[in-house]
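Counted the way numbering that gives the first Met the number 0 counts, the sequence shown spans residues 0 to 48.
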Amino acid sequence: MRDTVLVPARAAVPVAFDGDNPGRWLFHCHNLFHMATGMMTELAYDGIA
Ligand SMILES: [Cu+2]
């Protein structure tokens with residue numbers, strides 16, 4: 000279990016998680032220049048499956 004992952008350039012990483020903590024979750028790059036230029040998104044879900 001981890002909360003960070005190294006993603007190579009032009010690559011994708013599948014993510015699986017237990018949806019047991021509803022709300023809004025931020026995904027972002029830890030390179031601050033990348034994050035400032037938009038490498039950031041949100042995952043939001045309600046309830047518990
Ligand atoms: Cu980045």
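Ideal placement from N, C-alpha and C gives every residue a C-beta, glycine not left out.
Heavy atom of ligand 1 within 7 Å of residue i beta-carbon
i: M38; result: yes
i: N20; result: no
C-beta contact flag for residue i and residue j at 8 Å
i: A43; j: R23; result: yes
i: H29; j: M39; result: no
Start-to-end residues for the beta strand (DSSP E) that takes in residue i
i: L25; result: 22–27
i: T40; result: 39–44
Closer than 7 Å: residue i CB and nearest ligand 2 heavy atom
i: L31; result: In the structure on display, ligand 2 does not appear, and the ligands it does have are ligand 1.
Element boundaries [alpha helix (DSSP H), containing residue i]
i: M34; result: 31–35
Which listed residue (the options) has its alpha carbon closest to that of residue i
i: G46; options: V4, L25, G18; result: G18
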